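In the working numbering, the protein residues as written are 394 to 647.
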């Protein structure tokens, strides 16, 4: 009963944000044909309006949801006699539920995009799957297979985004104010100052290595989204396991 209750409580915590997000994205989709209709420039130049990677937006949204999903739920659980393990396990259930729901919503966006995608409408729609794995035209996603592969890929991507956000917020919760500032400032300096300077002096070798690693891990050059799914799944497992290590002995902080 406690497992069921804390699951519903955590899921309800995201309800309003999810509904507002979906409404905004649908409004954007609805405004695009209107913009094309009333845009004289596009009508005269016969250029297409590109809608690309819109299904990446839910990943960013769910990452932010993960960042805001720990403190209040953690305190609520402990105050009601719910163990850390129960909270954590049900958080995984919530993450999977949200990932599946947003993946289905992304399929709706894909279906709407295909409806308005045509030379006559002046709109060109590309899904995230097509952008990553079909850029060279050597692989084609179409029909039911496109929807099925997109659903699987986006579900795993959305789970990974939440796992990363949740890990970050739990890690920050365990730190005091000075530690938070030190880690955040240190991360910013290393990633955006030190590494770019070193990369510049060694002729971009760091960037090359990182891009090659990302390409291999996501299966981009191999044009295989299942490699990307596997990598994202491994990342989610590592992030989730690391989060549990942090949560096991975490204390209450005011």
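Note that the Cβ used here is the ideal one computed from N, Cα and C, for glycine as well. What you are looking at is a predicted structure, and each value in this text was computed from that prediction instead of being measured.
Residue i, buried or exposed, once every other Cβ within 10 Å from all chains shown has been counted against 16
| i | result |
| --- | --- |
| residue 581 | exposed |
| residue 611 | buried |
| residue 634 | exposed |
| residue 433 | A caution first: residue 433 carries a pLDDT of 45, below 50, which makes its placement in the model too unreliable to give a value. |
| residue 598 | exposed |
| residue 601 | exposed |
| residue 655 | Residue 655 cannot be examined here, being either before or after the span of the chain that is shown, 394 to 647. |
| residue 645 | exposed |
| residue 576 | exposed |
| residue 400 | buried |
| residue 475 | buried |
| residue 418 | buried |
| residue 594 | exposed |
| residue 463 | buried |
| residue 480 | buried |
| residue 536 | exposed |
Any C-beta of chain B under 8 angstroms from that of residue i
| i | result |
| --- | --- |
| residue 411 | Protein chain content of the structure displayed is limited to a single chain, and chain B is not contained in it. |
Residue i, enclosing alpha helix (DSSP H) - first and last residue
| i | result |
| --- | --- |
| residue 488 | 477 to 509 |
| residue 457 | 450 to 460 |
| residue 638 | 618 to 641 |
| residue 608 | 598 to 611 |
| residue 536 | 536 to 567 |
Spatially closest choice to residue i from the options, by CA coordinates
| i | options | result |
| --- | --- | --- |
| residue 461 | 588, 492, 410 and 604 | 410 |
| residue 495 | 639, 451, 621 and 623 | 451 |
| residue 407 | 567, 632, 468 and 484 | 484 |
| residue 453 | 414, 487 and 473 | 414 |
| residue 493 | 636, 520 and 552 | 552 |
| residue 525 | 608, 624 and 638 | 608 |
| residue 371 | 470, 636 and 491 | Nothing about residue 371 can be reported from this structure: the residues present for the chain run from 394 to 647 only. |
Per DSSP, cross-strand counterpart(s) of residue i
| i | result |
| --- | --- |
| residue 405 | Answer is none; residue 405 lacks a bridge partner. |
| residue 444 | 518 |
Cβ contact (3+ pairs, closer than 8 angstroms) linking the region 494 to 507 and the region 540 to 549: The region 494 to 507, when compared against the region 540 to 549, does touch it at the 8 angstroms Cβ threshold.
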